[in-house]
Every structure is written in structure tokens, then in C-alpha cells.
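Under the working numbering, think of the first position of the sequence shown as 12, with each following residue one higher.
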Amino acid sequence: MLLETDGSYHLVGVLENKSNYKLDLSIWTTAYNEDDVQIDTGVANVYGLEPNGKAEFQGRITNKDMHSYKISRLVIQYEEDSDRFRQSEIDL
12 MLLETDGSYH LVGVLENKSN YKLDLSIWTT AYNEDDVQID TGVANVYGLE
62 PNGKAEFQGR ITNKDMHSYK ISRLVIQYEE DSDRFRQSEI DL
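As C-alpha cells, then:
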């Protein structure tokens with residue numbers, strides 16, 4: 012996590028695809044103030060992550076009162092075969 016000059020927070024991470032499918036991913040972050048009250052959410056997307064591949068994701072929290080954050084949800088989409096499309100949502 013990097014603090015930007017405008018007071019926002021830049022979140023950076025790496026995802027690794029250990030499946031046999033090409034994945035589209037949405038990574039949700041939730042920010043909290045010092046009283047542990049939710050004050051902001053953000054989402055970063057990664058499209059077309061190849062099997063056994065890695066990809067960087069980036070997000071931004073603009074609320075300057077952020078005290079802590081967590082990765083709160085991961086949405087995974089993939090095409091199982093030409094007729095079936097799958098989506099999984101994981102609350103963390």
C-alpha cells in the first residue's frame with residue numbers, strides 16, 4: 012500500500028491462477044476508519060489471466076480517514092467449455 016501525494020491510498024498486489032482455466036477476476040477492498048467503521052470500498056479487475064499465470068492488480072482508496080483495509084470479496088469468472096460459463100463469489 013502506497014500513500015499518494017493527494018492523501019489517497021494506492022493498493023497493489025499480485026494474483027496467481029493455479030487453475031486450468033483462463034480467469035476474469037474482481038478484487039473488492041473495504042476500508043475502515045480508526046473506529047473500525049466501513050468508510051470506503053473499491054474494486055480492481057483482472058481480465059484473461061492465463062492458467063498458471065500471474066497478474067498485478069491495483070486499486071485506490073480515496074477516503075483519507077482510512078485506518079485499515081482488507082480484501083473483502085473475490086469474484087471469479089471462467090468458461091468451463093463452449094456451452095458453460097461459471098462464476099464464483101467468495102466473501103473473505
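For glycine and all other residues, C-beta sits at the position ideal for the given N, C-alpha and C. This one's a predicted model, so the numbers in the text were calculated from it and none came from an experiment.
Beta-carbon proximity of residue i to residue j, cut-off 9 Å
{"i": "residue 22", "j": "residue 53", "result": "yes"}
{"i": "residue 30", "j": "residue 89", "result": "yes"}
{"i": "residue 60", "j": "residue 35", "result": "yes"}
{"i": "residue 77", "j": "residue 51", "result": "yes"}
Collapsed DSSP secondary structure at residue i in the structure displayed
{"i": "residue 22", "result": "strand"}
{"i": "residue 8", "result": "Because the chain in this structure spans residues 12 to 103, residue 8 falls outside the shown range and cannot be described."}
{"i": "residue 65", "result": "strand"}
Bounding residues of the beta strand (DSSP E) (the contiguous stretch that carries residue i)
{"i": "residue 58", "result": "49-60"}
{"i": "residue 43", "result": "34-43"}
Nearest-angstrom Cβ-Cβ length linking residue i and residue j, presumed shorter than 8 Å
{"i": "residue 91", "j": "residue 25", "result": "Not quite, the Cβ-Cβ distance comes to about 25 Å (not below 8 Å), so this is no contact."}
Q) For the region 77-94 against the region 26-42, are there 3 or more C-beta pairs whose distance is under 8 Å? A) yes
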